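Undergrad: Residue numbering for the sequence shown is 1 to 129, as defined by UniProt numbering.
Note that the Cβ used here is the ideal one computed from N, Cα and C, for glycine as well.
Model, not experiment: these values are computed from the prediction.
The structure under discussion is supplied below as structure tokens; questions concerning it will follow.
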Amino acid sequence: MFFQESFFEFYTKVKLSLEDGTFAKLTLAKTIGNTDLMNIYVRPVVEEGILKMELKFKFQQEEQVEIHSIDNTKDVLVQYINNPFMSAILFTTEFDLTYKLNKKRAVSIIQKGNTFGNASEVLLDYLNR
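Structure representation (structure tokens):
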């Protein structure tokens with residue numbers, strides 16, 4: 001898969017934001033055409049004392065939730081890059097990082113100022129225990 005390496009590079013920033021307590025949320029968006037799957041929202045959860053990721057698949061008519069390890073989440077999400085999603089946005093308390101494919105499928109990773117002032121409460125609780 002052509003996009004796998006660049007997405008995995010992007011995902012290292014996700015893991016770093018989890019480790020340093022700045023992660024707010026991760027969203028896959030901007031679908032190609034009219035698809036049933038509209039977004040994937042990712043947030044941290046604690047299950048049996050282990051930090052994991054909750055993936056909420058937002059369809060036009062329903063939502064589905066899956067919980068995965070932090071590393072496995074990367075493998076699940078990369079399957080949806082370019083089919084159907086054209087972007088992934090990492091929101092942290094320090095910056096927003098956008099992974100984006102253009103019409104020619106060229107990858108760009110753009111860092112902007114932060115949208116969120118607070119990290120995920122679940123993450124902060126987990127790190128401060």
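Note the first and the last residue of the continuous alpha helix (DSSP H) segment covering SER17.
TA: 4-19
Undergrad: Answer yes or no: do GLY117 and THR92 have a C-beta to C-beta separation smaller than 8 angstroms?
TA: no
Undergrad: Out of LYS100, VAL45 and LEU90, which one is the CA nearest neighbour of LEU127?
TA: VAL45
Undergrad: Name the DSSP beta bridge partners of ILE89, please?
TA: THR27 and THR98
Undergrad: ILE81: buried (16+ other C-beta within 10 angstroms of its C-beta) or exposed?
TA: buried
Undergrad: What does SER108 pair with, by DSSP beta-bridge criteria?
TA: LYS100
Undergrad: When we look at the beta-carbon of ILE40 and count the other beta-carbons within 10 Å, is it buried (16 or more) or exposed?
TA: Buried, because 16 or more other Cβ atoms sit within 10 Å of the Cβ of ILE40.
Undergrad: Helix, strand or coil for ASN39 per DSSP?
TA: strand
Undergrad: For ILE70, which of helix, strand or coil comes out of DSSP?
TA: Helix.
Undergrad: Please name the residue in ASP96, LEU18 and PHE7 whose C-alpha comes closest to that of LEU123.
TA: LEU18
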